[in-house]
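See structure below.
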Amino acid sequence: MPDEKREIKGEYFMLIEVEPIQLETLHTFKIARGERKRYENFVFRITYENVTGIGEASPQQYYGESSNTVNEAVRRISKLLEGEPKELRERLFTGDLREQLKEDASVRAAIDMALWDIEGKIAGKACYDLLSLDPQKAPVTSYTIGFDRPEVIDRKLDEAVDFPILKMKMGIPGDIALLDRAIQRTGKKIRVDANEGWDLDTALHIGKELAERGIEFMEQPISHHKREDLKTLKRLAPLPVVLDESIIDPDDVPRCKDLGHGINIKLTKCGGMTPALALIEEARNAGMSVMLGCMIETSIGITAAAHLSPLADYADLDGNLLLAYDPFEGVQVDKGKLVLGKEPGLGVVRRDAD
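Final position of the sequence shown in our numbering is 361; the numbers increase by one with none missing.
Below you can see the structure in the form of structure tokens.
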């Protein structure tokens with residue numbers, strides 16, 4: 008993909024470079040919708056006046072994205088990236104770039120991350136500092152246990168020994184037995200995620216069993232298309248319901264406030280840190296809790312989300328921890344606690360850098 012950089016009236020068009028990277032999880036990652044082990048994500052590097060920012064696109068087939076749509080989106084907008092980083096972020100969120108990338112949330116997210124990285128580097132401040140956030144208030148992240156055979160679940164639980172909170176994937180036959188296995192083996196705080204795998208009757212029945220087991224909350228138990236069922240579930244469920252697939256844009260929050268008790272915000276789903284901040288504000292206005300989640304991503308995407316985590320009630324920022332190898336290094340984890348550094352911008356570096 009050709010690089011573009013032009014200078015007009017002393018202002019730079021930004022240079023954008025995109026690198027596909029092949030990722031593999033340590034275990035096959037299985038949820039209610041299917042399973043995968045290999046992923047192609049994209050590292051974005053954007054340069055503005057000799058300062059380079061980094062971002063990550065994790066295209067999601069569920070939302071109609073692919074490697075091809077990422078490449079095509081970059082071709083469409085590479086010559087439109089002009090102006091200051093803050094101005095570009097606004098154009099990505101509500102302006103012409105948003106329209107150009109309406110169906111390409113992961114590309115918007117990657118560009119937005121890179122622009123925040125640039126702003127932080129220019130200011131000499133970490134991104135959380137740009138937002139006047141206290142990194143000490145970053146929450147503990149859960150560690151996700153994908154559906155698997157009992158003996159593999161045991162290995163995953165051993166790998167998660169240092170994490171005090173687990174998130175168990177459910178929505179597949181046999182899920183309660185595996186949940187009980189995790190409860191008996193660990194005694195840890197557990198959240199569950201059905202990824203739209205249940206109908207209303209099943210969610211109500213299993214919800215009662217979850218509450219009896221002390222589960223903290225259940226995430227997106229029913230399809231986001233079944234709004235009335237979600238509304239009924241919220242009213243009758245004996246434990247909180249957190250919405251994921253139901254929530255993409257800030258405008259979704261007021262429309263969904265009667266469907267769940269909280270929302271799961273993912274940068275690659277909503278289009279980056281800038282819209283995530285708006286989602287958090289909308290959730291607070293609606294009286295809903297906030298979880299920051301992720302896809303399978305490297306430390307680029309995870310660290311970008313972690314900079315916002317002091318604003319969240321819950322974190323599920325472990326996508327990089329599920330990889331067999333993460334080529335980048337950023338936010339650290341100490342017994343589940345997210346630990347952000349003091350480096351300007353996102354504070355992400357490549358592990359194999361010379």
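Beta carbons are placed, not taken as given, at the ideal position from N, Cα and C, and that holds for glycine.
Considering only C-alpha positions, which residue in the set the options is nearest to residue i?
i, options, result
"Asp111", "Lys128, Ser85, Gly102 and Ala64", "Ala64"
"Ile118", "Asp359, Leu353, Ala293 and Arg357", "Leu353"
"Gly300", "Glu288, Glu289, Asn327 and Asn292", "Asn327"
"Glu336", "Ala322, Ser316 and Gly308", "Gly308"
"Glu97", "Glu288, Met298, Val338 and Gly278", "Gly278"
"Ala283", "Asp258, His268 and Leu266", "Asp258"
"Ala319", "Val338, Ile272, Tyr332 and Ala293", "Ile272"
"Lys86", "Val58, Glu24 and Gly41", "Glu24"
"Leu137", "Trp123, Ser149 and Gln143", "Trp123"
"Pro317", "Tyr150, Lys144 and Ile190", "Lys144"
"Ser149", "Thr76, Gly343, Asp359 and Asn75", "Gly343"
"Asp251", "Arg242, His268 and Ser113", "His268"
"Leu207", "Thr239, Asp187 and Gly178", "Thr239"
"Leu164", "Gly181, Pro146, Ala189 and Phe154", "Ala189"
"Pro171", "Pro146, Glu79 and Met225", "Pro146"
"Arg242", "Ser74, Glu226 and Leu266", "Leu266"
"Met21", "Thr35, Asn75, Glu89 and Asn48", "Glu89"
"Phe154", "Asp256, Gly62 and Met177", "Met177"
Helix, strand or coil for residue i? Go by DSSP, reduced to three states.
i, result
"Ser316", "helix"
"Asp10", "At Asp10, the pLDDT of 42 sits below 50, so the modelled position is not reliable; the number obtained from the coordinates is stated separately. Asp10: coil per DSSP, three-state reduction."
"Gln227", "coil"
"His34", "strand"
"Lys196", "strand"
"Gln68", "helix"
"Asp119", "helix"
"Gly269", "strand"
"Asp361", "Unreliable positioning characterises Asp361 in this predicted model, as indicated by a pLDDT of 43, which lies under 50. The coordinate reading is nonetheless provided below. Residue state, collapsed to three classes: coil."
"Tyr135", "helix"
"Asp341", "strand"
"Pro142", "helix"
"Arg310", "Checking the displayed sequence, the identity of residue 310 turns out to be Thr instead of Arg. Three-state DSSP puts Thr310 in a helix."
"Ile23", "strand"
"Val114", "helix"
"Gly352", "strand"
"Thr305", "coil"
"Lys16", "Residue confidence is low: Lys16 scores 32 on pLDDT, short of 50, so the model does not pin down where it sits. Its coordinate-derived value is still stated next. In the structure shown, Lys16 sits in coil (DSSP, three-state: anything other than H, G, I, E or B)."
"Ile152", "strand"
"Ile222", "coil"
"Lys109", "coil"
"Glu336", "strand"
"Ile125", "helix"
"Glu89", "strand"
"Ile255", "coil"
If we count the other Cβ atoms within 10 Å of its Cβ and call it buried at 16 or more, is residue i buried or exposed?
i, result
"Pro261", "exposed"
"Ala313", "buried"
"Pro228", "buried"
"Gly194", "exposed"
"Val346", "exposed"
"Lys109", "exposed"
"Ser4", "Residue 4 falls outside the range modelled here, since the chain spans only 8 to 361, and no answer is possible."
"Val168", "exposed"
"Arg115", "buried"
"Asn202", "buried"
"Glu94", "exposed"
"Asp141", "exposed"
"Arg358", "exposed"
"Thr101", "exposed"
"Ala80", "buried"
"Asn57", "exposed"
Would you mind giving the Cβ-Cβ distance between residue i and residue j, rounded to the nearest angstrom? I have them listed as a contact below 8 Å.
i, j, result
"Arg198", "Ile183", "Between Ile183 and Arg198 the Cβ distance is about 15 Å, and since that is not below 8 Å, they are no contact."
"Leu237", "Ala218", "At roughly 18 Å, the Cβ-Cβ gap does not stay under 8 Å, so Leu237 and Ala218 are not in contact."
"Ile125", "Tyr55", "5 Å"
"Leu330", "Glu31", "7 Å"
"Lys174", "Thr151", "5 Å"
"Gln107", "Ile84", "5 Å"
"Pro157", "Leu186", "With 8 Å as the limit, Pro157 and Leu186 do not qualify as a contact, their Cβ atoms being about 12 Å apart."
Could you spell out the range, first to last residue, of the alpha helix (DSSP H) harbouring residue i?
i, result
"Thr275", "Leu274 to Cys277"
"Ala283", "Met280 to Asn292"
"Asp259", "Asp259 to Cys263"
"Lys93", "Pro92 to Thr101"
"Ile160", "Pro157 to Glu166"
Name the two residues that bound the continuous beta strand (DSSP E) containing residue i.
i, result
"Gly62", "Val58 to Ala64"
"Tyr55", "Gly41 to Tyr55"
"Ser296", "Ser296 to Leu299"
"Thr239", "Note, Thr239: premise wrong, no beta strand (DSSP E); alpha helix (DSSP H) at Arg234 to Leu243."
"Val81", "Premise fails: Val81 lies in the alpha helix (DSSP H), Ser74 to Ile84, not in any beta strand (DSSP E)."
"Ile172", "Ile172 to Lys176"
"Val147", "It is not in any beta strand (DSSP E) - Val147 carries neither H nor E in the DSSP assignment."
"Leu250", "Val248 to Leu250"
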